[in-house]
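Residue numbers (my numbering), protein chains in the order written: chain A, 1 to 129; chain B, 1001 to 1513; chain C, 2001 to 2448. Yeah, the Cβ is synthetic: ideal placement off N, Cα and C, and Gly gets one too. Quantities reported herein were computed from a predicted structural model and do not represent experimental measurements.
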Amino acid sequence: MANVPEGLYYSKDHEWLRVEGETGTVGITDHAQGSLGDVVYVELPKAGETFAAHDTFGSVESVKAVSELFLPAGGEVTEVNESLNDEPEKVNNDPYGEGWMLRVRLSNRGEVDSLLSAAEYEDYIGSLE
Amino acid sequence: MSITKATTHVTQNEALVFERSQAGRRGYRLPALDVEETAIDDLLPAELRREDDLEGVPELSEPDVVRHFTRISTWNYNIDLGLYPLGSCTMKYNSRLNERVARIPGFAGLHPLAPEEDAQGALEVMYELQQHLAEITGLPGVSLQPAAGAHGEMTGVMMIRAFLDARDGVTSDEAKRRKVMLIPDSAHGTNPASAHLSGFTVKTIRSTPEGLTDLDHLRELCASGAVAGLMLTNPNTCGIFERNIKEICRVIHEAGGLVYMDGANMNALVGVARPGDMGVDVIHLNLHKTFSTPHGGGGPGSGPCCCTAELEPFLPVPRVVRSDAEGGGATYGLDSERPQSVGRVKAFYGNFGMHLRALAYILTHGRDGLREATEAAVLNARFIAHGLADTFDRPFDSPPMHECLFTDKRQTRKGVHTLDIAKRLIDYGFHPMTIYFPLIVQGAMLIEPTESVGRAELQQFVDAMKEIAREAVEDADTVLGAPHTTRIGRLDEAAAARKPVLRWRPAEKAAGA
Amino acid sequence: MRYIPNSPEERQEMLRGLGLSSAAELFDSLPQDVILKRPLDTPEALSEIELLERFEAMAARNAAARRPSFLGAGAYHHYAPTIVDSLIQRSEFFTAYTPYQPEISQGTLQAIFEFQTLVCQLTGMDVANASMYDGSTAMAEAVLMAERVTRRTRVLVSAAVHPEYLRVTETYVAHAGIELGRLEVDEETGRTSLDASALDDGVAAVVVQSPNFFGCVEDLRAFADRVHAAGALLVVVVTEAASFGLLRSPGACGADIVVAEGQSFGVPVSYGGPYVGLFSTREKYARQIPGRLAGVAFDKEGRRGFVLTLATREQHIRREKATSNICTNEGLIALAATVYMTAMGRRGLQEVAAQCAQKAAYARRRIGALEGFSLPHSAPVFNEFVVRAPSEAAGLLRRLASEHNVTGGLALSRYLPGRPNDILVCVTETNKRADIDALAEGLKGSSR
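So, in structure tokens, the structure goes:
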């Protein structure tokens, strides 16, 4: 069973969002990394770029698949996890920790309300099985 | 006397040519220069000349080179060794006679820019092949220029673009609207890629539970009015004939679009049914599949385009044409005066060496042999489908044509998946089937035996598959760890993609990098 | 049919085993109205003897294949060691498929890796793919890649690029939103002029061929600096791969993408194909490269092998968003080139290049000294050069062929109607001094 930590927000595209003040940290869920398989490359934007909620901000590649990444809530990218360039496997090994992808200055805190809670997301992935 | 056994067989452990190189070794000899030598600085100033002395390029003797490539060749499976049942790839026998034909000096030594009057034989070969392909497909316009299947697809959909622009006008709103190319979800990935390259937007058509194109969805998509055409493989990638093909073509034509057929699976149809008679407007053929030109470890291919008379003006230039002189005798020529043509898709005239082989194939088979090959290919696929029907899950009930589709559904309970079954087949001496394609079928195994295999070997294949199915239940670890009989085991593809090493470098530089 | 193992009787038995009574029933899933109700109108089968006779008779009508030839312009007559053809005819190579199952395709994969490395060494680049269809399509793909890398849409192409390569590129970019501009050729030098005003920040790439279509070696270094200053990529096209043995590599001159026709490396001219396109670039653009790539991988025991890698760029995964629609490479021809480069080796590639340049220089001196003939371009050449004849070139070459049995080169009017008297002459190590002398004598005698 995939790990779905409490206290994060989740999207149906399988991204998670951790909110600390104005800053949101984004990554993909344990369920997502599990279905992708071994992650070999993560394509991310540059700090300073701005995206709306649900915009494509990059892609994640396994050996034989590519998935687009969607931003759960809009904002300006303030920091990118550059270490994924050399160690994309962090997305598999620690999706909610060292495998984080972006930090965003959230443009509208209200957008967070439409995201799923841990329990709701767990139900959602259960319904996909 | 004692024999010391080498820990690894030398032929199984051949290094790279660069690692084998020894300064001073030579594998060639040229005649001495027979003209007065010009001082190098007078030929080319130093700043235009190489400075690196080609450092790193190997230095080997002729036996070194022969041993090297012979040794590594033995690590390849190949058609001549046995059944190579890759679905949608048509791995049939590659005749030695065709190889001999392609090497006749009058063809192999003919320069593509030789004057047409001095290249009549080559032009005749191309013209004759065009005629036969037109007859086989029922589509009279043929260009042999595309170099591969995907290249033929690109050519075909560009012709559709050019036709629509000519019909509707490039600047009219109609031309702006017709941008949608419909492609079934079961299609080969080159279809959407080729459509995109030709300026189309791709919309995906669903398949029915029977594995056929969903006609209702097709009608719905056509209702939008933006449809430029459809790209359809027939028999489709599930190995099933699209029995509604005439209706499909009618719907597309009524919607103002054209039908492109991917001819990858023509080995199921030659002599039996013709795309032109079904309503198809343009098709590409894979000479390296249906017409047995060798796959060569991944090319060269050849992907001629055949089309209706209506589309003929849009074929690539130059065209190979024939003019009959009064009182008999024909001359062949190249015609570039086709103002509506999509242009050139390749320098010169296509992969001529493959045209020779394909023509030799057609003439060797004769009209009866072409149909006989189709029947034998479909029969062999049916034999396998029948033999495995009780053991593996079949996603669709329709009778297969030249290839049959199974899944790993019954084997996954013990954790054995399609990949494992494929790898285990290697231990039984067979090349695996096509796996995980078409994408719409989970755990797909697509098996195409072709006509080039006898029934005893087909039975051996069926037996091997059944044995693997038994192992999947009783001894799953053996299957999961396969292959066990190869020089190397399963390779870590994830690590290879994370830190790609795409070329050899000298050791000291590699260490420093 | 002798290629079908199961005899008609065996097939009947197999049909019965399936509960069918005739082969026609195999096609019962096809509607009756699409079934062909007559035999194909193609010829009756030929025996091996008859077939060879037919092809030999057609081959005999290719008179040009039997004459000493000075044709180049994208296809070159070079010597190929015998082992090139004998090795590529091994079943293990020529009857194998694309190496999708690496455990039983290591021969093909290792050869591709060696090919990629050799291409990098010769072009002076970091990364090369497993090959493209040919030089012309490789150039088109390079232009598409330059747009992806720079997100700019204008590409300037030298007018001294092979005209067929340009036509192919025009076809490829017709729907890609790329606009092709033209860089003129300096008539005096025969080299491309780079008009600084054309190099604005909308330019994705500048495409230059060297040696160019007229045989002249371009000053790539000077191009690179100016192209890079404008934030564009320098794409270098090479049609005569033998030149790599002598000329400074495009990589050393600052090229960002190098595409080349590899036919010179052991591949017969074969009326235009199959050939092999070489494609190489800088490390930082590896993920934008079209086509297949082989890379190093290890198994659980730590044994080295090779796999197709970075496949997510390709059409079977990314579909319409792929870097190219290409699926197949030119596997067997790339192998021929690999065997050629290995057999000739470091010294052989240099010696071939040196002989080409030396013999071309000799031919240039001989023809340049003929009355009425001139050499219009002043830039250095490798093994091709333009000769301006005193009369119309096409007719002159016809007389040369029929009266002196020499194919003297290419009448440039085939592509460039404004150059009625110009002949592009190509000399390689296969042209003996006596042939060159015969060419010069023949030109003199035919120029009436």
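Sequence-distant residues of its chain with Cβ nearer than 6 Å to B:Phe1018 (five each side left out):
Pro1058 and Trp1504
Would the beta-carbon of B:Ala1108 fall within 9 Å of that of B:Gly1369?
no
Would you check if the distance between the CB atom of B:Met1126 and the CB atom of B:Tyr1332 is smaller than 9 Å?
yes
Looking at the unbroken alpha helix (DSSP H) that takes in B:Asp1064, where does it start and where does it end?
Glu1062 to Ser1073
Check A:Val19 in the structure and name its three-state DSSP category.
strand
Spell out the partners DSSP gives C:Thr2192 in its beta bridges.
C:Val2185
Got a sec: which bits of the segment 1015-1026 of chain B sit with their beta carbon under 7 Å from any beta carbon on chain C, in order along the chain?
Leu1016, Val1017, Phe1018 and Arg1026
Under a Cβ-count criterion, where at least 16 other Cβ atoms within 10 Å of its own Cβ denotes burial, should B:Ala1130 be classed as buried or exposed?
The residue asked about is misnamed: residue 1130 of chain B is Gln in this sequence, not Ala. By the neighbour-count rule (16 or more Cβ atoms within 10 Å), B:Gln1130 is buried.
I'd like to know whether the C-beta of A:Glu130 is nearer than 9 Å to at least one C-beta of chain C.
Residue coverage of chain A in this structure runs from 1 to 129, which leaves residue 130 of chain A outside it and unanswerable.
Do you know how far the Cα of B:Ala1114 is from the Cα of C:Leu2510?
The structure shown does not extend to residue 2510 of chain C, since chain C spans only 2001 to 2448, so no value can be given for it.
Please report the Cβ distance between B:Glu1242 and B:Ile1248, rounded to the nearest whole angstrom; I am assuming they are in contact, meaning their Cβ atoms lie under 8 Å.
7 Å
Report buried or exposed for C:Glu2184, applying the criterion of at least 16 other Cβ atoms within 10 angstroms of its Cβ.
exposed
Interface residues of the segment 39-69 of chain A facing chain C [CB-CB below 9 Å]
Val40, Tyr41, Glu43, Ser59, Glu61, Ser62, Val63, Lys64, Ala65 and Val66
Name, in chain order, the residues that DSSP records as bridge partners for A:Phe130.
Since the displayed chain A opens at 1 and closes at 129, residue 130 of chain A lies outside it and no answer follows.
Give the range of the alpha helix (DSSP H) segment to which C:Ala2334 is assigned.
Gly2331 to Gly2368
Chain A contacts made by the segment 1485-1496 of chain B, where a contact means CB separation under 8 Å
Glu1493 and Ala1494
Would B:Arg1498 pass as an interface residue toward chain A - the criterion being a Cβ-Cβ separation below 9 Å?
yes
Measure the Cβ-Cβ separation of B:His1295 and B:Asn1076 and say whether it is below 9 Å.
no
Minimum C-alpha distance to B:Pro1313 - residue among B:Asn1236, B:Gly1343, B:Cys1238 and B:Arg1050:
B:Gly1343
Kindly provide the ranges of any alpha helix (DSSP H) runs that are 4 or more residues long and lie completely inside the segment 1307-1331 of chain B, ordered along the chain.
none
Given B:Ala1513, which residues of its chain have a CB within under 8 Å of its CB, disregarding the five upstream and five downstream residues?
Low confidence applies here, because B:Ala1513 scores a pLDDT of 39, under 50, leaving its location unreliable; read the following figure in that light. So the list reads Arg1505, once near-sequence residues are dropped.
So C:Arg2318 contacts chain A; which residues on that side make the cut at Cβ distance below 7 Å?
Val66
If you compare alpha carbons, which of B:Pro1112, B:Asn1191, B:Leu1197 and B:Phe1396 is closest to B:Arg1205?
The amino acid occupying residue 1205 of chain B in the given sequence is Ile; Arg does not appear at that position. The option with the nearest alpha carbon to B:Ile1205 is B:Asn1191.
Three or more C-beta pairs below 8 Å linking the segment 2368-2387 of chain C and the segment 2154-2168 of chain C
no
Given a cut-off of 9 Å, decide if C:Thr2338 and C:Phe2115 are closer than it, judged by their beta-carbon atoms.
yes
How far does the alpha helix (DSSP H) with B:Val1342 in it extend, from its first residue to its last?
B:Val1342 -> no alpha helix (DSSP H), and no H or E assigned at all.
Determine the burial state of B:Ser1336: buried for a count of at least 16 other Cβ atoms within 10 Å of its Cβ, exposed for fewer.
exposed
If you count every other CB in all the chains shown that lies within 10 Å of the CB of A:Leu128, and 16 or more means buried, which is it?
exposed
Would you say B:Glu1037 faces chain C, with C-beta separation under 9 Å as the test?
yes
For C:Val2149, the first and last residue of its enclosing alpha helix (DSSP H)
Gly2135 to Thr2150
For C:Ala2311, which residues in chain A fall below 8 Å Cβ to Cβ?
Val63 and Lys64
Leaving out five residues before and five after A:Leu17 in sequence, what residues of the same chain have Cβ atoms less than 8 Å from its Cβ?
Leu8, Tyr9, Tyr10, Ser11, Gly24, Thr25, Val26, Pro72, Ala73, Val112 and Leu115
Can you confirm whether A:Glu98, when its beta carbon is compared against all beta carbons of chain B, has any partner nearer than 9 Å?
no
Would you check if the distance between the CB atom of C:Pro2268 and the CB atom of B:Gly1027 is smaller than 9 Å?
no
Residues near B:Ala1511 by beta carbon distance below 7 Å, same chain, minus five either side:
A caution first: B:Ala1511 carries a pLDDT of 44, below 50, which makes its placement in the model unreliable, though a value can still be read off. Correct list: empty, nothing qualifies.
Using the DSSP secondary-structure output, state which residues sit across from A:Ser26 in a beta bridge.
Checking the sequence, you will find Val at residue 26 of chain A rather than Ser. DSSP, once it has assigned bridges, lists A:Leu17 and A:Leu102 as partnering A:Val26.
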